[in-house]
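Accompanying notes for the structure given below.
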Amino acid sequence: MTVSEPNLEFWVDGGRRGRLAWAFTVRTTSIVRPRAVRYWVAARDRGEILDARDEIHSAPSGSVSALVWNESPRRPAVKRPLPNLTIKRGTAKSASDLVTTDRKGRFTFYDPGSNDVRLTPAGPFAVVRNQLGPDLEKRFTLGPGDGNLIRIEAQDEQNLAQATAFYWTTRAQRFVRRYLPKVVLRRLPTRVNIDSSCNAYWDGRSINFFRASDPGDKIVCPNTAYSSIVVHELGHGVDHYLGGIVGGGYSEGFGDALA
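Structural data, given as structure tokens:
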């Protein structure tokens, strides 16, 4: 770490009032994780720090991950990166305020703007909507550089179902993209936590998944928004656009094969 020689300067606050201050920069020597901060310290009044400004100007970047059901809701959730997830910055008034994560869940905002971002389980391949409550949302303030790790670690059923449905719909969509026209199944409506149990379906426009059965029900079923069921229902969508679902039995087999 290095510290520059201090200089006497006038520091001016928001009310245009000036104060005599010592100004200097504290800088690390690392070029891998650089850090440089310019300080203004009052020359009087017990050395009060009047201001501190980051002098490293770089595009904020990072990655997004979530806890999802990898195999079944009856097993512990695992952490997975979220690819093809749209992140909105500030009021998202321009295209530069919207970025989409890559296949490893990484993102970068190249243009200057707000450091406040928000995300929901939505992107170019899937738009997840919760049917029993508010949609899952994460808000985060980006720091400089690439150290922004946005983690969605909700453990409750409703939020796990949303994150899981997004992850598996997107993963399956990435696999079938080579066979489908670009506009097909884009931003696929994916509805989760429907207020019934023991089923899931494709309705010609969306894929739909039910909540877990209530305690005391004769048939005990987990939430159906997990891996193999999500991909199976997407398989009906692929069959719909490629073959028109000419046979129900074949389409069931097609969904199983894709899963």
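Sequential numbering of the sequence shown, starting at 12, is according to our numbering. Idealized CB from N, CA, C, for every residue including glycine.
CB contact flag (residue i, residue j, <8 Å)
i    : j    : result
T112 : F120 : no
V23  : V37  : no
V2   : K99  : Examination of residue 2 is not possible in this model, given that the chain is present from 12 through 270 alone.
G266 : H243 : yes
L78  : V89  : yes
A137 : F177 : yes
T235 : I218 : no
V231 : F220 : no
R198 : P135 : yes
P87  : A223 : no
T102 : N126 : no
S239 : A268 : no
Closest residue to residue i among the options (Cα-Cα distance)
i    : options                   : result
R28  : V79, L61, A77 and K193    : L61
S72  : P155, P135 and A53        : P155
R91  : T175, P123 and S239       : T175
V241 : R85, A34, S41 and N81     : N81
P132 : A172, S239 and P17        : A172
G259 : H247, A103, L269 and V14  : H247
A183 : Q142, A106 and R114       : R114
P192 : R46, L245, L253 and T181  : L253
R162 : V75, E168 and K104        : V75
I205 : F21, L160, A34 and P145   : P145
L147 : D157, E168 and L160       : E168
S41  : Y50, M12, E20 and E16     : M12
P17  : G26, F35 and R30          : F35
T181 : A32, V14 and P94          : P94
L19  : G25, L31 and G26          : L31
A165 : G158, K149, D157 and N159 : K149
I256 : D214, Y190 and R46        : D214
D108 : R189, A70, D228 and Q142  : A70
S15  : W33, S262 and L245        : W33
F21  : Y50, P45, S105 and N159   : Y50
D157 : T39, E263, R46 and K104   : R46
L245 : P226, G58 and L196        : L196
W179 : Y237, L130, G116 and S105 : Y237
Simplified DSSP assignment, three categories, for residue i
i    : result
N170 : helix
L269 : helix
S107 : helix
D56  : helix
T175 : helix
T102 : coil
T112 : coil
S15  : coil
R64  : strand
L93  : coil
R85  : coil
T36  : strand
Within-8 Å CB hit, residue i to chain C
i    : result
A133 : Looking for chain C here will not work: only one protein chain is present.
Q. Curious, which full-length alpha helix (DSSP H) runs of at least 4 residues does the region 180-263 contain?
A. Segments of the alpha helix (DSSP H) lying fully in the region 180-263: 238-253.
(Q) With a threshold of 8 Å, are at least 3 pairs of Cβ atoms found where one atom belongs to the region 49-57 and the other to the region 199-214? (A) no
Q: Could you tell me which uninterrupted beta strand (DSSP E) segments, each at least 3 residues in length, are contained entirely in the region 114-162, listed from first to last along the chain?
A: 117-119, 127-130, 137-141 and 149-152
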